[in-house]
């Protein structure tokens, strides 16, 4: 039976770690030196300033967003009317601010934050930190130096927490390569810090990615498995976070029972859930996730992964030993006695089709 002690902090949200009305970006979040500022067009079009504002109010809104990008913490502004008037570049700030400031949130640190700017800033900040870590590791290897990456790794973990709270469907979490980097760097925390994060993490919203070997679909036998009640509770909590209600979710449901019999880990369940959410989004369906859809992805993920299909010219470029090795890996086996290379390659291609 899985417990909160068996889980790691990323990339799931850490319930209780961040205050509901706290800052939207970490104190050290600084993207001012980046040469560009992303703009979420759909979020902009949905904002009050854009929907209800006139041209002056829209211009002031964009000016404040740009100004907040260059502040530290990023996506924030001082809660000072005179400063806002200057940063907005509005000649009639007294009349425009009522519309413009609707899209800003006053946080506990006394600063105003903009949600969509915060999301873009966090995504950029995480990538910047990962690049710094990668560069420092490369220099350390090249020059044989000892480096301390603890602070940078802690910043990665913290930024990921903030971003997950804002948007768990962020492109950062959808990009498996970047997600793996976040998890890898977050695992560099000290044992005490990691234990602290685990204790504060909500079990119903946690998952783990590195108990599954992606190359072989092998699952660590020491990883705790979920029973029907835990599967039901996790799925309900994840759907509730999306303001959805899970259909046919009780532990007595046939599909939930079937999932429990598969000896799922929390990682497998979360991966299948995220895939189901992505499918709903791709299909433009607003319906909640059901256990049957989760089951489809679990079974699909457990199928052995075959080597990437090679083209005819790639096979012909191989020597005999390479060709036989590849054929064995894809399940074709050795060449028949007296079989020529062309026939062998044709059989491999037919098997891959």
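Numbering (our numbering), first residue to last: 7 to 359. For glycine and all other residues, C-beta sits at the position ideal for the given N, C-alpha and C. Just so it is clear, the structure is predicted and the values come from calculations on it, not from any experiment.
Q. Measuring CB to CB, does residue 250 end up less than 7 Å from residue 301?
A. Sequence index remark: in the chain shown, residue 250 carries index 244 (1-based). Sequence index remark: in the chain shown, residue 301 carries index 295 (1-based). Judged by their CB atoms, residue 250 and residue 301 are not nearer to each other than the 7 Å cut-off.
Q: Specify whether the region 143-157 and the region 75-87 touch according to this definition: at least 3 beta carbon pairs, one from each stretch, less than 8 Å apart.
A: With the cut-off at 8 Å, the region 143-157 and the region 75-87 do not touch.
Q.
Give me, in chain order, the residues of the same chain whose beta-carbon lies closer than 6 Å to that of residue 350; leave out the 5 immediate sequence neighbours on both sides.
A. The count along the chain shown starts at 1 and reaches residue 350 at position 344. Counting only Cβ-Cβ distances below 6 Å, and skipping sequence neighbours, we find 341.
Q | Proximity of residue 165 and residue 29 at Cβ, strictly below 7 Å | A | Mapped onto the chain shown, residue 165 falls at position 159. Mapped onto the chain shown, residue 29 falls at position 23. Not in contact: residue 165 and residue 29 (Cβ atoms no closer than 7 Å).
Q) Taking only runs of the alpha helix (DSSP H) that begin and end inside the region 297-337, which ones reach a length of at least 4 residues, in chain order? A) 297-308, 318-322 and 326-336
**Q.** Run of the beta strand (DSSP E) containing residue 111, from where it starts to where it stops
**A.** As a working mapping, residue 111 is identified with position 105 in the chain shown. In the DSSP assignment, residue 111 falls within the beta strand (DSSP E) that extends over 110-112.
Q.
Can you tell me whether residue 284 is buried or exposed? The criterion is at least 16 other CB atoms within 10 Å of its CB, across all chains shown.
A. Along the chain shown, read from residue 1 onward, the residue named residue 284 stands at position 278. By the neighbour-count rule (16 or more Cβ atoms within 10 Å), residue 284 is not buried but exposed.
(Q) Mapping the DSSP letters down to three states, classify residue 136 as helix, strand or coil. (A) On the chain shown, residue 136 is found 130 positions in, with the first residue counted as 1. Residue state, collapsed to three classes: helix.
(Q) Taking a contact to mean a Cβ-Cβ separation below 7 Å, would you say residue 282 touches residue 270 in this structure? (A) Counted from its first residue, the chain shown places residue 282 at position 276. Counted from its first residue, the chain shown places residue 270 at position 264. Contact flag unset, no.
Q. Among the residues of its own chain, which have a CB less than 8 Å from the CB of residue 132, if the five just before and after it don't count?
A. Counted from its first residue, the chain shown places residue 132 at position 126. Excluding sequence neighbours, residue 132 sits near 162, 165, 166, 169, 178, 184 and 188.
**Q.** Whole-angstrom C-beta distance between residue 118 and residue 377, which should lie under 8 Å
**A.** The shown model of the chain, from 7 to 359, leaves out residue 377, and the question about it has no answer.
Q: For residue 109, count neighbouring C-beta atoms within 10 Å of its own C-beta (all shown protein chains included) and say buried if the count is 16 or more, exposed if not.
A: By one-based count along the chain shown, residue 109 stands at place 103. By the beta-carbon neighbour count (other beta carbons within 10 angstroms, threshold 16), residue 109 is buried.
Q: Mind checking which residues open and close the beta strand (DSSP E) that includes residue 232?
A: What you label residue 232 is simply residue 226 of the chain shown in a count that begins at 1. Element bounds for residue 232: n/a, residue is neither H nor E.
(Q) Determine whether the beta carbon atoms of residue 266 and residue 234 lie at a separation below 7 Å. (A) As a first step, residue 266 must be located in the chain shown, where it is residue number 260. As a first step, residue 234 must be located in the chain shown, where it is residue number 228. Yes.
Q | Cα-Cα separation between residue 338 and residue 345, rounded to whole angstroms | A | For this step, residue 338 is matched to residue 332 along the chain shown. For this step, residue 345 is matched to residue 339 along the chain shown. Between the alpha carbons of residue 338 and residue 345 lies a distance of about 13 Å.
Q.
Here's a check: name, in chain order, each residue in its chain whose Cβ is nearer than 8 Å to the Cβ of residue 134, leaving out the five neighbours to either side.
A. The sequence position of residue 134 within the chain shown is 128, counting from 1. The answer, listed in chain order, is 37 and 40.
Q: Please go through the same chain and pick out, in chain order, the residues whose beta-carbon is closer than 6 Å to the beta-carbon of residue 126, but skip the five residues on each side of it.
A: By one-based count along the chain shown, residue 126 stands at place 120. Shown here for residue 126: same chain residues with a beta carbon closer than 6 Å to its own, the five before and five after excluded, namely 44 in chain order.
Q.
By DSSP's criteria, residue 119 is part of a beta bridge. Which residues make up the other side?
A. Along the chain shown, one-based indexing puts residue 119 at 113. Paired residues: 82 and 111.
Q: Quick one: measure Cβ to Cβ for residue 102 and residue 66, integer angstroms, because I've assumed they're closer than 8 Å.
A: Here the question's residue 102 lines up with position 96 in the chain shown. Here the question's residue 66 lines up with position 60 in the chain shown. Contact between residue 102 and residue 66 holds: CB atoms are separated by about 5 Å, below the 8 Å threshold.
Q. CA-CA distance, residue 60 and residue 52?
A. Here residue 60 refers to the residue found at position 54 when the chain shown is read from its first residue. Here residue 52 refers to the residue found at position 46 when the chain shown is read from its first residue. The straight-line gap from Cα to Cα measures roughly 14 Å.
Q: State the Cα-Cα distance for the pair residue 63 and residue 120, rounded to the nearest angstrom.
A: The residue you call residue 63 lines up with position 57 of the chain shown. The residue you call residue 120 lines up with position 114 of the chain shown. In a straight line, the C-alpha of residue 63 is about 16 Å away from that of residue 120.
Q: List the endpoints of the continuous alpha helix (DSSP H) containing residue 175.
A: Within the chain shown, residue 175 is the residue found at index 169, counting from 1. Counting along the chain, residue 175 falls outside any alpha helix (DSSP H), and DSSP gives it neither H nor E.
**Q.** Helix, strand or coil at residue 58 according to DSSP, with G and I counted as helix
**A.** The residue given as residue 58 occupies position 52 in the chain shown. In the structure shown, residue 58 sits in a helix (DSSP, three-state: H, G or I).
(Q) Mapping the DSSP letters down to three states, classify residue 142 as helix, strand or coil. (A) Here residue 142 is taken as the residue at index 136 of the chain shown, counted from 1. Three-state DSSP puts residue 142 in a helix.
Q. Starting from residue 293 and walking both ways along the alpha helix (DSSP H), at which residues does that stretch end?
A. Reading the chain shown from its first residue, position 287 is the one you call residue 293. No alpha helix (DSSP H) contains residue 293, which DSSP labels as neither H nor E.
**Q.** Alpha-carbon to alpha-carbon, residue 355 and residue 241
**A.** In the chain shown, the residue the question calls residue 241 occupies position 235. In the chain shown, the residue the question calls residue 355 occupies position 349. Each residue's alpha carbon lies about 41 Å from the other.
Q: Compute the distance between the beta-carbons of residue 55 and residue 92, then report whether it is under 7 Å.
A: The residue given as residue 55 occupies position 49 in the chain shown. The residue given as residue 92 occupies position 86 in the chain shown. No, these two residues do not count as a Cβ contact at 7 Å.
(Q) Can you tell me where the alpha helix (DSSP H) holding residue 106 begins and where it ends? (A) Counting from one through the chain shown, the residue named residue 106 turns up at place 100. Per DSSP, residue 106 belongs to the alpha helix (DSSP H) from 99-106.
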